[in-house]
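**Student:** Quick one: the structure is below, and I'll ask about it shortly.
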Amino acid sequence: MSVGEEIRTEQDRPQQSLGTAAARNLATTTKSAPQMQEISSRWLLRTLPWVNVQGGTYRVNRRLTYAVGDGRITFVKTGDQVEVIPAELGELPALREFEDLEVLGELAQRCRQREFAPGQIIASFGSQVDEVFLLAHGKVEKVGSGPYDEDAVLGVLADGAYFGDQSILDPESIWEFTLRAVTGCTVLALPRRDLDQIAERSEPLREHLRRQRAIPAQRTNKYGEKAIDLSAGHAGEVDIPRTFVDYEARPREYELSVAQTVLSIHSRIADLYNQPMNQTEHQLRLTVEALKERQEHELVNNREFGLLHNCEYDQRIQPHDGVPGPDDMDELLSRRRGTKLFLAHPRAIAAFGRELNKRGLVPESVDVGGQRVPTWRGVPLYPCNKIPVTEARTTSIIAMRTGEDDQGVVGLHQTGIPDEIEPGLSVRFMGINEQAIINYLVTTYYSAAVLVPDALGVLENVEIGRWR
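Note that this note's numbering has the sequence shown beginning at 1401, numbered continuously upward.
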């Protein structure tokens, strides 16, 4: 380069050909269809058997059951003081359907708060039950004697559980197991003598307890259903018992829920910008995907019919070590016959996988619709990101038996509705307004029903953040 010669950059050189930016204006681009991150696998919607509900309401008829009302207790915490909500005492089987809030309030005031350290004994096997315990916070083990005199863990109780309530109806009852605190526990204790004092002054409570004590006189099976009297193994001319099958007088009814939205599209967009992709078609497609995501969320979390809220409390179990281990999954399986599937948050599946790795176990997998799905004991374990994860990094694992023929869990919808594009899902034209906007009403109807209580089980308070 000679002295004084200017250095010319590429930007300084004169353009000799058409640039890519200008050429792109004349080119036909290759483009994808509109994408959205919200779309998930939605295994629940895909695996749940669906029942057509023509009348909009699905009634679940069952045999008459006496053993009901064993719910979970809710508390109010102020600072370090915990109080039970009076109406929540009606969740105790002995106080079920007792609605005198004044009496329940007096019972709530008699509850005394106690704190137990990890490993401390709350109640001992063989001693008389003279208190009703309400577990406000913590985890408690039910410990019994094994066949070779070693301790055996019979179950784990967590927040909202209760024990000792049998003393309300039977003053002579004794503890059939030992209760031991696994973590620090906050417990409210209601002494039996305080309850007796209130019952002496309250005629409604005294009469209610009298009726409750009469219920065990009815012959029931292990599920609390009125027994069917039978005779077997006899010989000769014996008297054959007479019987009948009694039904619940007020069976539960499930009404179809609804998810709706109004999709608006300007007529100019629909007219002029419809090639090469149909704008209305893709707007509807993405809207339907969002509705289906919300439908699955409701099937899991809705307080009226959602799976997490409709699982009976005797079908809820707690993990023995916090993390979801093979033993916990086996116990969840053992609670029902013919479990068809597990549902778990992807992070819970990862936590379960870590526990399997620690034990050197490799789960099998099955092909479902071209996708490999892990299994446990041959039961598919499907991911479901609609199962909530708490701030404490705990979640739940759901186990289900499905189908009407197996008395399982079924999905509910109604087919044949006007302007239906999929079973139970319709897109209805609502007209064009004065701003030239086209409106479509997009609607889906759905619900879920648990036909018998043991069709649905939940492993609760599963820790997903422990890595050691």
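We put the beta carbon where it would ideally sit given N, CA and C, even for glycine.
If you're wondering where the values come from, they're calculated on a predicted model, not measured in any experiment.
Mind checking which residues open and close the alpha helix (DSSP H) that includes LEU1672?
**Tutor:** To locate residue 1672, count along the sequence shown from 1; it is residue 272. Unbroken alpha helix (DSSP H) run through LEU1672: 1667-1672.
**Student:** For the alpha helix (DSSP H) containing ILE1439, name the first residue and the last one.
**Tutor:** Mapped onto the sequence shown, residue 1439 falls at position 39. ILE1439 -> no alpha helix (DSSP H), and no H or E assigned at all.
**Student:** Would you list the residues sitting across from LYS1542 in a DSSP beta bridge?
**Tutor:** Working through the sequence shown from its first residue, we reach residue 1542 at position 142. Paired residue(s): GLY1555, LEU1579.
**Student:** Per DSSP, what kind of secondary structure is LEU1448 in: helix, strand or coil?
**Tutor:** By 1-based counting over the sequence shown, the position of residue 1448 is 48. Residue state, collapsed to three classes: coil.
**Student:** Spell out a yes or no on whether the segment 1854-1863 and the segment 1732-1740 are touching, meaning 3 or more CB-CB pairs, one atom from each, closer than 8 Å.
**Tutor:** Verdict: yes, contact present.
**Student:** With a Cβ-Cβ cutoff of 8 Å, do GLU1531 and LEU1590 count as a contact?
**Tutor:** In the sequence shown, residue 1531 corresponds to position 131, counting from 1. In the sequence shown, residue 1590 corresponds to position 190, counting from 1. For GLU1531 and LEU1590, yes; Cβs fall inside 8 Å.
**Student:** Take THR1447 as the anchor and find which of GLY1769, GLU1506, MET1729 has the nearest alpha-carbon.
**Tutor:** Taking the first residue of the sequence shown as position 1, residue 1447 is located at position 47. For THR1447, the nearest C-alpha among the options comes from GLY1769.
**Student:** Under 8 Å by Cβ, that's how I've got ARG1592 and SER1567 pegged, so tell me the actual separation to the nearest angstrom.
**Tutor:** On the sequence shown, position 192 is the one that residue 1592 refers to. On the sequence shown, position 167 is the one that residue 1567 refers to. Going by Cβ atoms, the distance from ARG1592 to SER1567 rounds to 5 Å, so yes, they are a contact pair.
**Student:** Could you pull the start and end residues of the beta strand (DSSP E) that LYS1477 belongs to?
**Tutor:** For the purposes of this step, residue 1477 is taken as residue 77 along the sequence shown, with counting starting at 1. Taken as a continuous stretch (DSSP letters only), the beta strand (DSSP E) holding LYS1477 covers 1475-1478.
**Student:** Starting from the C-beta of ARG1866, find all residues in its chain whose C-beta is less than 8 Å away, skip the five residues before and the five after it, and write them out in chain order.
**Tutor:** Looking up residue 1866 in the sequence shown gives position 466. Answer for ARG1866: GLY1722, VAL1723, ALA1751, listed in chain order.
**Student:** Is GLU1576 buried or exposed, if buried means 16 or more other CB atoms sit within 10 Å of its CB?
**Tutor:** For the purposes of this step, residue 1576 is taken as residue 176 along the sequence shown, with counting starting at 1. Result: exposed.
**Student:** Can you tell which of ILE1837, ASN1839, THR1843, GLU1834 has its C-alpha closest to the C-alpha of GLY1824?
**Tutor:** Walking along the sequence shown from the start, residue 1824 turns up at place 424. Taking only the C-alpha atoms, the option nearest GLY1824 is THR1843.
**Student:** Could you give the distance in angstroms between the alpha-carbon of GLU1804 and the alpha-carbon of TRP1450?
**Tutor:** To locate residue 1804, count along the sequence shown from 1; it is residue 404. To locate residue 1450, count along the sequence shown from 1; it is residue 50. When rounded, the distance between both Cα atoms is 9 Å.
**Student:** State the Cα-Cα distance for the pair LEU1663 and ALA1690, rounded to the nearest angstrom.
**Tutor:** The residue you call residue 1663 lines up with position 263 of the sequence shown. The residue you call residue 1690 lines up with position 290 of the sequence shown. Distance between the alpha carbons of LEU1663 and ALA1690: 12 Å.
**Student:** Measure the Cβ-Cβ separation of PHE1742 and TRP1776 and say whether it is below 8 Å.
**Tutor:** Taking the sequence shown and counting its residues from 1, one reaches residue 1742 at position 342. Taking the sequence shown and counting its residues from 1, one reaches residue 1776 at position 376. Yes, they are a contact pair.
**Student:** Quick check on the burial criterion: 16 or more other C-beta atoms within 10 angstroms. Buried or exposed for GLN1683?
**Tutor:** The residue given as residue 1683 occupies position 283 in the sequence shown. Buried, because 16 or more other Cβ atoms sit within 10 Å of the Cβ of GLN1683.
**Student:** Please classify ASP1565 as buried or exposed, where buried requires at least 16 other C-beta atoms within 10 Å of its C-beta.
**Tutor:** Here residue 1565 refers to the residue found at position 165 when the sequence shown is read from its first residue. Buried, because 16 or more other Cβ atoms sit within 10 Å of the Cβ of ASP1565.
**Student:** Does the beta-carbon distance from ASN1702 to SER1657 come in below 8 Å?
**Tutor:** Here residue 1702 refers to the residue found at position 302 when the sequence shown is read from its first residue. Here residue 1657 refers to the residue found at position 257 when the sequence shown is read from its first residue. For ASN1702 and SER1657, yes; Cβs fall inside 8 Å.
**Student:** Return helix, strand or coil for ASN1861, following the three-state DSSP convention.
**Tutor:** As a working mapping, residue 1861 is identified with position 461 in the sequence shown. In the structure shown, ASN1861 sits in a strand (DSSP, three-state: E or B).
**Student:** Three or more C-beta pairs closer than 8 Å, one from the segment 1806-1821 and one from the segment 1629-1643: is that the case here?
**Tutor:** Result no; under three Cβ-Cβ pairs closer than 8 Å.
**Student:** According to the neighbour-count rule (16 or more other Cβ atoms, all chains shown, within 10 Å of its Cβ), is THR1478 buried or exposed?
**Tutor:** Translated into positions along the sequence shown, residue 1478 becomes position 78. With fewer than 16 other Cβ atoms within 10 Å, it is exposed.
**Student:** Taking the DSSP output, what are the residues bridged to THR1739?
**Tutor:** The residue given as residue 1739 occupies position 339 in the sequence shown. Answer by DSSP bridge pairing: none, since THR1739 is not bridged.
**Student:** Kindly indicate if chain C contains any beta-carbon less than 8 Å away from that of LEU1859.
**Tutor:** Looking for chain C here will not work: only one protein chain is present.
**Student:** Taking the C-alpha atoms as reference points, what is the distance between VAL1540 and ARG1442?
**Tutor:** The residue labelled residue 1540 in the question sits at position 140 within the sequence shown. The residue labelled residue 1442 in the question sits at position 42 within the sequence shown. VAL1540 and ARG1442: Cα-Cα distance of roughly 35 Å.
**Student:** List the whole-angstrom C-beta distance separating ALA1836 from THR1795, where the pair is believed to meet the contact cut-off of C-beta under 8 Å.
**Tutor:** The count along the sequence shown starts at 1 and reaches residue 1836 at position 436. The count along the sequence shown starts at 1 and reaches residue 1795 at position 395. That pair is no contact at about 47 Å.
**Student:** In the DSSP assignment, what are the bridge partners of TRP1776?
**Tutor:** Position 376 of the sequence shown, counted from the start, is the residue given in the question as residue 1776. Looking at the DSSP assignment, TRP1776 forms a beta bridge with VAL1779.
**Student:** Would ILE1522 pass as a contact of PHE1533 if the rule is Cβ separation under 8 Å?
**Tutor:** The residue given as residue 1522 occupies position 122 in the sequence shown. The residue given as residue 1533 occupies position 133 in the sequence shown. In this structure, PHE1533 lies closer than 8 Å to ILE1522 by Cβ.
**Student:** Kindly indicate which three-state DSSP category ALA1748 falls into: helix, strand or coil?
**Tutor:** If you number the sequence shown from 1, residue 1748 lands on position 348. Correct three-state label for ALA1748: helix.
**Student:** Any idea what DSSP makes of SER1734, helix, strand or coil?
**Tutor:** Residue numbering aside, residue 1734 sits at position 334 when the sequence shown is read from its first letter. The answer is helix: DSSP assigns SER1734 an H, G or I state.
**Student:** Give me the residue from ASN1678, GLU1607, CYS1784, TYR1647 with the minimum Cα distance to LEU1707.
**Tutor:** Along the sequence shown, one-based indexing puts residue 1707 at 307. Of ASN1678, GLU1607, CYS1784, TYR1647, the residue nearest in Cα terms is CYS1784.
**Student:** Count the other CB atoms, across all protein chains shown, that sit within 10 Å of the CB of GLY1538; report buried if there are 16 or more and exposed otherwise.
**Tutor:** Locating residue 1538 in the sequence shown gives position 138, where the first residue counts as 1. Answer is buried; the Cβ neighbour count reaches 16.
**Student:** Measuring CA to CA, which of LYS1786, GLY1753, THR1739 is closest to PRO1780?
**Tutor:** As a first step, residue 1780 is located in the sequence shown; it is residue number 380 there, counting from the start. The shortest Cα separation from PRO1780 among LYS1786, GLY1753, THR1739 belongs to THR1739.
**Student:** Per DSSP, what kind of secondary structure is ALA1523 in: helix, strand or coil?
**Tutor:** Sequence index remark: in the sequence shown, residue 1523 carries index 123 (1-based). DSSP places ALA1523 in strand when its eight states are reduced to three.
**Student:** Looking at the structure shown, is GLU1653 part of a helix, part of a strand, or coil, going by DSSP?
**Tutor:** As a working mapping, residue 1653 is identified with position 253 in the sequence shown. Three-state result, GLU1653: strand.
**Student:** Helix, strand or coil for ASN1757 per DSSP?
**Tutor:** One-based indexing of the sequence shown puts residue 1757 at position 357. In the structure shown, ASN1757 sits in a helix (DSSP, three-state: H, G or I).
**Student:** Please name the residue in THR1429, LEU1444, ILE1640 whose C-alpha comes closest to that of GLU1698.
**Tutor:** Numbered from its first residue, the sequence shown carries residue 1698 at position 298. It is LEU1444.
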